[in-house]
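Residue 31 in the numbering used here sits at position 31 of the sequence shown, and the numbers go up by one each step.
Every residue gets a Cβ at the ideal spot worked out from N, C-alpha and C, and that includes glycine.
In what follows, a structure is listed as C-alpha cells, so that the remarks can point back to it.
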Amino acid sequence: RPLRGELSARQRTCSAVRARVCTHMATAPLPIGVFYAEFDDKAGPMVVYQAPAAAPTLSEATFDAVSDYVITTDTLADSLITVAADDRVLLGHPVRIMDEKFA
Numbered sequence: 001r002p003l004r005g006e007l008s009a010r011q012r013t014c015s016a017v018r019a020r021v022c023t024h025m026a027t028a029p030l031p032i033g034v035f036y037a038e039f040d041d042k043a044g045p046m047v048v049y050q051a052p053a054a055a056p057t058l059s060e061a062t063f064d065a066v067s068d069y070v071i072t073t074d075t076l077a078d079s080l081i082t083v084a085a086d087d088r089v090l091l092g093h094p095v096r097i098m099d100e101k102f103a
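Right, here's the structure in full:
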C-alpha cells in the first residue's frame, strides 16, 4: 500500500500510459471507425457492430488475427491496449464480465 501522498503502482502505470497517449496525439492518425466485439459461446469471438457500416473498420481476417487481444484474458482486461494490424493501429480497452453465467 502506498504511503500517504504517493501513487500506487497502478496509478503510476495509468499516468504513464496517459502521458504516452497524449504525447503521440499530435502525430496520431484520426480514427477511421469503431467496432464492438464479444465472445459468443457457440460462434466464438465476433464483431457485433462496426461504424461506419459502409466501410467496415476491420476485415474478418484482421479480426481473427487480433481477437485474442480484443477479447482477452484477465492479464489485459481493464487496460488500455494498442494492437498493430495490417496498416491500422487498434486502440482498445477490453472488459471482462465476471459472472458464473459466463464461467
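Bridge-paired residues (DSSP) for residue i
i     : result
Pro31 : DSSP output for Pro31 lists no bridge partner at all.
Glu38 : Met46
Best match in the options for proximity to residue i [C-alpha to C-alpha]
i     : options                       : result
Ile97 : Ala85, Ile81, Val48 and Thr73 : Thr73
Glu38 : Val47, Pro31 and Ile32        : Val47
Ala54 : Asp78, Ile32, Gly92 and Asp87 : Ile32
Val66 : Gln50, Tyr49 and Val89        : Val89
Val34 : Pro56, Val83 and Ala61        : Pro56
Beta carbon proximity, residue i to chain D, threshold 8 Å
i     : result
Leu90 : No chain D appears in this structure, which consists of one protein chain only.
Which ranges does the beta strand (DSSP E) cover as unbroken runs of at least 3 residues, wholly within the stretch 40-90, from first to last along the chain? 44-51 and 81-85
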